[in-house]
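Report on the following structure.
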Amino acid sequence: MKHRVISLLTDFGEDDFFVPSLKGVILKINPLARILDITHRIPSFDIMAGGFILYSCFKYFPTKTIFLVIVDPGVGSSRKILLVETKKYFFIAPDNGILSHILEEENITQIREVTKKKYFLPEVSHTFEGRDKMAPAAAWLSKGIPCVEFGPEVTSYESHDVHKPQAKGNEITGQVLYTDKFGNLITNIPERMLDLSGERRIKKKFSLYAGGREISSFRKSYSSAKKGELLFLVGSLGLIEIASRASNASNQLKIKNGDIVRIVIKSEK
Amino acid sequence: MKHRVISLLTDFGEDDFFVPSLKGVILKINPLARILDITHRIPSFDIMAGGFILYSCFKYFPTKTIFLVIVDPGVGSSRKILLVETKKYFFIAPDNGILSHILEEENITQIREVTKKKYFLPEVSHTFEGRDKMAPAAAWLSKGIPCVEFGPEVTSYESHDVHKPQAKGNEITGQVLYTDKFGNLITNIPERMLDLSGERRIKKKFSLYAGGREISSFRKSYSSAKKGELLFLVGSLGLIEIASRASNASNQLKIKNGDIVRIVIKSEK
Amino acid sequence: MKHRVISLLTDFGEDDFFVPSLKGVILKINPLARILDITHRIPSFDIMAGGFILYSCFKYFPTKTIFLVIVDPGVGSSRKILLVETKKYFFIAPDNGILSHILEEENITQIREVTKKKYFLPEVSHTFEGRDKMAPAAAWLSKGIPCVEFGPEVTSYESHDVHKPQAKGNEITGQVLYTDKFGNLITNIPERMLDLSGERRIKKKFSLYAGGREISSFRKSYSSAKKGELLFLVGSLGLIEIASRASNASNQLKIKNGDIVRIVIKSEK
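Chains as they are written, first to last, in the working numbering: chain A, 4 to 272; chain B, 4 to 272; chain C, 4 to 272.
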């Protein structure tokens, strides 16, 4: 129990004293905590990007991992600090919608507001609640303090609409959710909307339209295309992704997060 | 004892073989050491910035933490390697003033020069003493070797003047110490110089002058201002900070570290 | 055995979900694994840079360290995943030449192709084999599964020519292997080619030619030169390095990785 993993996701960057302060606070309270960074490079205040990155990797972490998620433009305001327990994990985050994906799709056991001063640092600043409230709460939770101890139950919370792709006739309309480091454009269109199961896969032909271009190369992996060729495929998150073999699709297409993407089913016997 | 935390602060960046070499060396000597990064993104050779980041977070670390601090423009010269023991912590750093804040304000138990070859790597290069001398010394210290073993006592050392803010009449003059990732400008003016204690807080009005602008919005937190509004507040280090709600004060004001900041007490009943 | 170090080197960057996914997968399989980052900032698909960074620091890691090396432009193709056991270490990497230095110079015990599905995640994507195949294999290896279990022996593999410096008369011709964060240019010319041993050192004079300039200052360390002075020296890897005291040699000389460097032995009694 005491060796539990605490996983950090913030927009603090790696230049400043913010992240090491969180880690120091955690280890001071629980010297046995395993601290793992998800990333600290979420663009400042970008709740959507933070929520996406969390959602794209949390399932790979060990059961009982505590996710400490701090992208917090409302620090010092009356926005709540949430502690969410799901069947497998714990999440501590500001109540600003960053947990929308988790709250919509996971099995929620309980949601608490973190209010108990006993689990905060003795002095609490108005500008760094991550260090003074959230990190200590995560550390105490990792020592086995039950969720119920941290504050009252919460029944309403911020939640952002998670944009859903639409199917109409032979056409699926979605959008770019995220552009990764390699320039791959990850859309919100899940593999299952293309209905690729069984034999039907080989009978279908698809074209993807984005940035004024038609991409007709639907592949299994990056490496099955020619160098610099635009293609689309089922990415590692089970979502349709636009890529360019050993090159950068985002630069080639000049489209960005939020831009519309259409897939047309061209022929089917 | 053997599980002690070793905390790293360098200007090595994260692209090169420098930082992993330090970590490998430490774990080879003490496989149980807990290695924590403060940051490796101090601007090259910037002793002042390194000293500030160290000072702004070291107090949050567990007792007995060993801070390995390597911003070292004089590597290979005759500058000493210091081992400083304070009441709570240990610091290993080049003798170039980077520990000025620590040496001025902390309770020093002893200062040693690290000279004993027994605690270095068998081969010592002239250009990477961090890997060959300082990291092994930190690892041996974490295994319980007493400070006295590492070399002779040191009585004089480099120390930079820590610029102190001045109060004169109704005016306090300080300077920007550090600009954080969000563009918040952290000054060297401590909260107590504004004498905000007790009831007097509500009776005072302040204006801050910086970059040719008057900022009259003195707030409790970022979130109590309008978006893009310049304000100043007591930051998380207990120092006066200039900020801009959900925006970037540094870009708006076009001022930088070292620039002068004045606070004027406008009225007091 | 179970506490073994797993050391990560990738071109994944630190912004995305790639690196935390690897770490989550590893800890889920072996909660006692010690995960250490070498770097994740290898330029995308740059096998040569990845190989160099690995080679420049692996020797400093504890015996039995498992190096998980993922710079993998051929992900999803038929390129093999290699598991290399040397006398002291383990390496898991795509078969694309990134281990060339290791395979050429280390004592190889065995090389396996990682094929056993039992040691992969239950679902394997075509675009993120690092997460789905390589990280789980590294984690199982760290739990003590013997190499022979992971797949068949491999006898041929990709290997890049490691460019070797040439000596001819009084002249040594090499090239820049790597430019570090400080702008120091690390060449492939080893110290021993200058034959500096014993007394002869003091009798020799060298000039280095690079970027159309002659550099005649051959020093012991950076600090023995004047500020901004170009010099060359034996760097921390035992290789000749061009540097500029408290400045940036790469910017001053405008040369880059792969560019030719000549050293001429000017006089010898």
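Using N, Cα and C, we set each Cβ at its ideal position, and we do this for glycine too.
Note that the coordinates shown come from a computational prediction; the quantities given were computed from them, not determined experimentally.
Item, Value
"Could you give the DSSP three-state label for proline 193(A): helix, strand or coil?", "strand"
"Alpha carbon to alpha carbon, how far is serine 24(C) from leucine 86(C)?", "21 angstroms"
"Please report the straight-line C-alpha distance between glycine 54(C) and phenylalanine 93(C), rounded to a whole angstrom.", "15 angstroms"
"So which residues on chain A does leucine 197(B) lean against when the C-beta distance must stay under 8 angstroms?", "Result: empty, since nearest Cβ-Cβ is about 15 angstroms, beyond 8 angstroms."
"Run through the DSSP bridge pairs and tell me what tyrosine 212(B) is partnered with.", "Glu217(B), Arg265(B)"
"For serine 124(A) and valine 28(A), which I take to be in contact (beta-carbon distance under 8 angstroms), what is that distance rounded to the nearest angstrom?", "The sequence given here has leucine at residue 124(A), not serine. The pair is a contact, with the Cβ atoms about 7 angstroms apart (cut-off 8 angstroms)."
"Against phenylalanine 20(C), what residues of chain A qualify as contacts under a CB-to-CB distance less than 7 angstroms, listed in chain order?", "Ile56, Ser59, Cys60"
"Closest by CA to valine 237(A), which one among Phe131(C), Ile32(C), Thr68(C)?", "Phe131(C)"
"In chain order, which continuous runs of the beta strand (DSSP E) of length 3 or greater are located wholly inside the region 21 to 45 of chain A?", "37 to 42"
"Is DSSP giving lysine 136(C) helix, strand or coil here?", "helix"
"Got a sec: is the Cβ-Cβ distance from proline 97(A) to anything in chain B below 7 angstroms?", "no"
"Using the DSSP secondary-structure output, state which residues sit across from alanine 170(A) in a beta bridge.", "Ile175(A)"
"Starting from phenylalanine 55(C), trace the alpha helix (DSSP H) in both directions and tell me its first and last residue.", "50 to 60"
"Any idea if leucine 144(A) is buried or exposed, counting beta-carbon neighbours within 10 angstroms, 16 or more meaning buried?", "buried"
"Starting from the beta carbon of valine 78(B), find every residue of chain E whose beta carbon is closer than 7 angstroms, and list them in chain order.", "You won't find chain E in this structure, because its protein chains are A, B and C."
"Return helix, strand or coil for serine 224(B), following the three-state DSSP convention.", "coil"
"Using a Cβ-Cβ cut-off of 7 angstroms, state whether lysine 207(B) counts as contacting chain A.", "no"
"Which residue comes first and which comes last in the beta strand (DSSP E) that contains serine 103(C)?", "That residue, serine 103(C), is in no beta strand (DSSP E); its alpha helix (DSSP H) goes 103 to 108."
"If asparagine 99(B) sits next to aspartate 75(B), beta carbons under 8 angstroms apart, how far is it from one beta carbon to the other, in whole angstroms?", "7 angstroms"
"Using a 10 Å radius around the Cβ and a threshold of 16 neighbouring Cβ atoms, would you call arginine 195(C) buried or exposed?", "exposed"
"What separation, rounded to the nearest whole angstrom, lies between the Cα atoms of methionine 4(B) and leucine 12(A)?", "Bear in mind that a pLDDT of 49 at methionine 4(B), under 50, signals an unreliable position, so the model cannot answer this."
"If you run the structure through DSSP and keep just helix, strand and coil, what is glutamate 152(B)?", "helix"
"Quick one: give me the first and last residue of the alpha helix (DSSP H) that alanine 252(A) is part of.", "252 to 256"
"Taking Cβ positions, are serine 59(C) and leucine 39(C) nearer each other than 7 angstroms?", "no"
"Going by CA-CA distance only, name the one from Ala252(A), Arg115(A), Arg216(A), Lys223(A) that's closest to arginine 158(A).", "According to the sequence displayed, residue 158(A) carries threonine and not arginine. Measuring from the Cα of threonine 158(A), the nearest candidate turns out to be Arg115(A)."
"Name the DSSP bridge partner or partners of proline 97(C)?", "Ile84(C)"
"For a contact meaning CB atoms closer than 7 angstroms, what does serine 239(C) contact in chain B?", "Ser128, Thr130, Phe131, Arg134"
"Since valine 165(B) is in the beta strand (DSSP E), which residue starts that stretch and which ends it?", "Neither: valine 165(B) is in no beta strand (DSSP E) and is coded neither H nor E."
"I believe serine 162(C) touches serine 103(C) by the beta-carbon criterion, under 8 angstroms. Please report the beta-carbon distance rounded to the nearest angstrom.", "5 angstroms"
"By a C-beta neighbour count over all protein chains shown, 10 Å radius and 16 as the cutoff for buried, is isoleucine 263(C) buried or exposed?", "exposed"
"Tell me whether asparagine 33(A) is buried or exposed, calling it buried when 16 or more other Cβ atoms sit within 10 Å of its Cβ.", "buried"
"So with CB distances below 8 angstroms, who are the chain B contacts of proline 65(C)?", "Gly27, Leu30, Lys31, Pro34"
"Count the C-beta pairs between the region 245 to 257 of chain B and the region 181 to 197 of chain B that are closer than 8 angstroms, then say yes if the count reaches three, no if not.", "yes"
"DSSP state of alanine 141(A), grouped into three classes?", "helix"
"Assuming tyrosine 160(B) contacts leucine 242(B) under a Cβ cut-off of 8 angstroms, what Cβ separation, rounded to an integer in Å, is found between them?", "With 8 angstroms as the limit, tyrosine 160(B) and leucine 242(B) do not qualify as a contact, their Cβ atoms being about 26 angstroms apart."
"For a test of the three-state rule: what should DSSP assign to lysine 120(B), helix, strand or coil?", "helix"
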